[in-house]
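Residue numbers (the numbering used here): 708 to 969.
Glycine is no exception: its CB is placed at the ideal position from the N, C-alpha and C atoms.
These figures come from a predicted structure and were not determined experimentally.
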């Protein structure tokens, strides 16, 4: 088995709000990966004493433990338990009902001798490669399908579509959101490798159009996850002034990628 992991902040002066891990059980059979992309709150706060990176570290740590220690518990249940555990850690001091209480996108994958399970919540990405080289993206595209007018301001997003029916969902403080995730189970023999990426890394495809998902996967297989993020950073820097691709987006975003050959 081969795994690679990179997680790099968009701004070296700010903490990285992403989280990534690969968990391997002591028995040596199977494993899991966890990738979270913390949601940066607006400047007027989020009703919480804790930072986003505190939240992603807590949630990611819980998910790493639960996906390995409870192999028979579905990933959606593991996510619900991890959200509940994290909420309990700051429920007495913070307003967990605030629409911008610390939250994150989620990608989970877990493999055994028989199956590969996956879960995707919001706009991070899981790519699955089959033995014949076919690459299939596992996506939760609800945010991408929303009319741009509904995303015009933070206040409008929070009031109308964030963690609301007909909008999009992230892992925050409500365990039941785990039921909204995109999930699936594949036979182990149909999966050769996985790549999990936050949207700071998928800019390679989604923003700069360097290639499609298969091209991105091939790039990672040949050159590695560090090279992927290096290329994204170079493309971002080249577009810093003209903003042909980035538009209103921040120049650099936290970028995380995990690659696992099974």
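Contact check, residue i vs residue j under 8 Å by CB: the rounded distance?
i           : j           : result
residue 789 : residue 826 : Between residue 826 and residue 789 the Cβ distance is about 11 Å, and since that is not below 8 Å, they are no contact.
residue 865 : residue 850 : 14 Å between Cβ atoms; not a contact.
residue 873 : residue 962 : With 8 Å as the limit, residue 873 and residue 962 do not qualify as a contact, their Cβ atoms being about 30 Å apart.
residue 834 : residue 920 : 6 Å
residue 832 : residue 754 : Residue 832 to residue 754, Cβ: 29 Å. No contact.
residue 713 : residue 932 : 4 Å
residue 819 : residue 895 : 7 Å
residue 724 : residue 760 : 5 Å
residue 791 : residue 770 : Not confirmed; about 12 Å, so no contact.
residue 905 : residue 744 : 4 Å
Going by alpha carbons, who is nearest to residue i out of the options?
i            : options            : result
residue 810  : 784, 747, 722, 850 : 747
residue 718  : 823, 965, 752, 958 : 958
residue 768  : 784, 871, 793      : 793
residue 828  : 870, 860, 796      : 870
residue 893  : 821, 963, 847      : 821
residue 1006 : 912, 940, 968      : Outside the shown range of the chain, which is 708 to 969, sits residue 1006, and nothing can be said about it.
residue 926  : 890, 949, 964      : 964
residue 878  : 804, 867, 735      : 804
residue 710  : 759, 760, 848, 900 : 900
residue 779  : 800, 763, 749, 817 : 817
Using the beta-carbon count (16 or more within 10 Å), is residue i buried or exposed?
i           : result
residue 823 : buried
residue 860 : exposed
residue 738 : buried
Any heavy atom of the ligand GDP closer than 8 Å to the Cβ of residue i?
i           : result
residue 867 : Ligands displayed in this structure: none; no statement on the ligand GDP is therefore possible.
Could you name the residues that DSSP lists as bridge partners for residue i?
i           : result
residue 818 : 738, 823
residue 968 : 709, 900
residue 836 : 842, 900
residue 890 : 826
Inset, instruction - Pair every Cβ in the stretch 851-869 with every Cβ in the stretch 916-927, then say whether three or more of these pairs are closer than 8 Å. - result: no
Inset, instruction - State whether the stretch 834-845 contacts the stretch 873-885, with contact taken as three or more CB pairs (one from each stretch) at a distance under 8 Å. - result: no
Inset, instruction - Would you check if there are 3 or more beta carbon pairs closer than 8 Å linking the stretch 728-741 to the stretch 938-953? - result: no
Inset, instruction - Determine contact between the stretch 775-790 and the stretch 934-951, defined as no fewer than three beta-carbon pairs at a distance below 8 Å. - result: no
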